[in-house]
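Trainee:
In this note's numbering, the protein residues as written are 250 to 661.
#1: Output needed for residue 287: all residues of its chain with C-beta closer than 6 Å, excluding positions within five of it in sequence on either side, in chain order.
#2: Work out the CA separation of residue 496 and residue 267 for me, nearest whole Å.
#3: Going by C-alpha to C-alpha distance, which of 502, 551, 543 sits closest to residue 522?
#4: Is residue 615 closer than 8 Å to residue 574 when the C-beta atoms are compared?
#5: Please work out which residues of its chain come closer than 8 Å, Cβ to Cβ, to residue 482, disregarding the five sequence neighbours upstream and downstream, and give them in chain order.
#6: In the DSSP assignment, the alpha helix (DSSP H) including residue 293 goes from what residue to what residue?
#7: Can you tell me which of the three DSSP states residue 546 falls into?
#8: Who pairs with residue 618 in a beta bridge, going by DSSP?
#9: With a 10 Å radius around its C-beta and 16 neighbouring C-beta atoms as the bar for buried, classify residue 487 as buried or exposed.
#10: Just mark residue 315 as buried or exposed, buried being the case when its beta carbon has 16 or more other beta carbons within 10 Å.
#11: Quick check on the DSSP output: the alpha helix (DSSP H) that includes residue 485 runs from which residue to which?
#12: Nearest CA to the CA of residue 491: which residue from 464, 515, 479, 477?
#13: Could you tell me how far apart the beta carbons of residue 569 and residue 535 are, in whole angstroms, since I believe they sit closer than 8 Å?
#14: From the DSSP output, in three-state form, read off residue 336 for me.
#15: DSSP state of residue 530, grouped into three classes?
#16: Could you check whether residue 543 and residue 502 sit closer than 8 Å to each other, using their CB atoms as the reference points?
#17: Measuring only the C-alpha atoms, how far is residue 485 from residue 468?
#18: Name the two residues that bound the continuous alpha helix (DSSP H) containing residue 319.
#19: Suppose the cutoff is 8 Å on Cβ atoms and the five residues either side in sequence are ignored; what does the same chain contact list for residue 612 look like?
#20: Taking only the alpha-carbon atoms, compute the straight-line gap between residue 447 and residue 561 and give it to the nearest angstrom.
#21: May I have a chain-ordered list of the beta strand (DSSP E) segments no shorter than 3 residues that lie completely inside the stretch 427 to 451?
#22: Residue 547 to residue 425, Cα distance in whole Å?
#23: Judging by CA-CA distance, which residue of 306, 531, 273, 421 is the nearest neighbour of residue 318?
#24: Using the rule of at least 16 other Cβ atoms within 10 Å of the residue's Cβ for burial, across every protein chain shown, is residue 307 buried or exposed?
#25: Out of curiosity, what's the CA-to-CA distance linking residue 302 and residue 335?
#26: Answer yes or no: do residue 537 and residue 519 have a C-beta to C-beta separation smaller than 8 Å?
#27: Give a yes or no on whether the C-beta atoms belonging to residue 605 and residue 590 are separated by under 8 Å.
#28: Can you list, in chain order, the residues of its chain whose CB lies under 7 Å from that of residue 597, leaving out five sequence neighbours each side?
#29: Looking at C-alpha atoms only, which residue of 526, 477, 269, 455 is the closest neighbour of residue 493?
#30: In three-state DSSP terms, what is residue 639?
Quick look at the structure:
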């Protein structure tokens, strides 16, 4: 089944969506222009007792152009319309001027109807329109009894041009509606992509940290296996518990049941950092009910992951404020190596009017996240910048890791 825009797809109950109704309206405006011109001519010719071949030829020409109008949006059969126009002009040329007044403007009316269905980019239509506009006064001047005929012709020409203008406006409105609908569909697809991106970030946060901490536990178990089997077994049990917990968190994430909080991440990070033999100091009180609570939790999780991956820290401090979280470790390597985790968090904070800043000073790497409650709760597209000495690439780079410090493996 061919792809249809959102506003064109059928709806339950047989109701036409707005774009389908508009397409129908535009189509019938095109058809009405050609059909009206043809019917008026045929009825007039029959009433005047005109030869049957003129009536038949005129009706056939009008029918061809009218049929062409039905396909204005889907590659209309141009030969069909051209054949109708050629027949109408041949009939017009075959009849002496003034012989049948009804035939005077018939081909021009069909031409206007045909031009109304052409795409806006067809520049040649202006050439045809100019030729038609030049022929009409010539015909009128050459006809006998010109005075009454000129008035009639003027009215007909004005009417045809008015109909042409209406048809072109209909076409323009339809094209504009198509662009709006395409933008709406693009926005829907973008929303899906954003959700997938969010899911991938959360999955990275869950499994990335678990894998590095699990690696740490296994390395510690290997080192203590000979001299302290009980400690080795304890490390193995902790690694197993971590794997079980990670499986459960991944399942909750997949089913949309996972919620991340700052308090929960503080407790988890404290356990991991202290298990790695690093001194931890936590000061301040977590902000209660803050709209960006989950983002603050992500910052603590990402900073802890980086400490366990890259740094050779002996001490980590976490400072909590009413609208901020700061994580500092004293073992950041130089030069910093770029990671994307904190950079992505900086983008997410910017979306709610917050910032993520990083600084490296004398081997101490500082990550600070700020977000106001009003901005995080109501801002839709605020602009925010990430300050600090470290570039965006290094934002996630050096929030280090004491995995290296505890295991002696060096930065990952």
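We put the CB at the ideal spot given by N, CA and C, even for glycine.
Mentor: To lay it out plainly:
#1: Answer for residue 287: 311, listed in chain order.
#2: Residue 496 has its alpha-carbon roughly 47 Å from the corresponding atom of residue 267.
#3: The option with the nearest alpha carbon to residue 522 is 551.
#4: Taking a C-beta distance under 8 Å as the contact criterion, residue 574 and residue 615 do not qualify as a contact pair.
#5: Contacts found: 470.
#6: That run of the alpha helix (DSSP H) goes 267 to 296.
#7: Residue 546 falls in the helix class under three-state DSSP.
#8: When beta bridges are read from the DSSP output, residue 618 appears opposite 574, 605.
#9: Taking a 10 Å sphere around the C-beta of residue 487, we find 16 or more other C-beta atoms and assign the residue as buried.
#10: Per the 10 Å Cβ criterion, buried.
#11: Element bounds for residue 485: 478 to 503.
#12: Closest by alpha carbon: 464.
#13: About 5 Å separates the two Cβ atoms, so the contact holds.
#14: Look at residue 336 here: in three-state DSSP terms it is helix.
#15: DSSP places residue 530 within a strand segment (E or B) once states are collapsed to three.
#16: Contact flag unset, no.
#17: Cα-Cα distance, rounded: 10 Å.
#18: Unbroken run through residue 319: none, as it is neither H nor E.
#19: Hits under 8 Å: 579, 580, 581, 583.
#20: Whole-angstrom Cα-Cα distance: 30 Å.
#21: List check, beta strand (DSSP E) in window: nothing returned.
#22: Rounded to the nearest whole angstrom, the C-alpha separation of residue 547 and residue 425 is 43 Å.
#23: Selected option, being the one with the closest Cα: 273.
#24: Residue 307 is classed as buried because its beta carbon has at least 16 other beta carbons within 10 Å across all chains shown.
#25: Residue 302 and residue 335: Cα-Cα distance of roughly 16 Å.
#26: Against a cut-off of 8 Å, the Cβ pair of residue 519 and residue 537 comes out as no contact.
#27: With respect to residue 590, residue 605 sits apart: the two C-beta atoms are not nearer than 8 Å.
#28: A distance below 7 Å between beta-carbons, with the five flanking residues on each side excluded, links residue 597 to the following residues of its chain, in chain order: 544.
#29: The residue with the shortest Cα to Cα distance from residue 493 is 455.
#30: Caution applies to residue 639, whose pLDDT of 34 falls short of 50 and renders its modelled position unreliable; the value that the coordinates give is listed next. In the structure shown, residue 639 adopts coil according to DSSP, grouped into three states.
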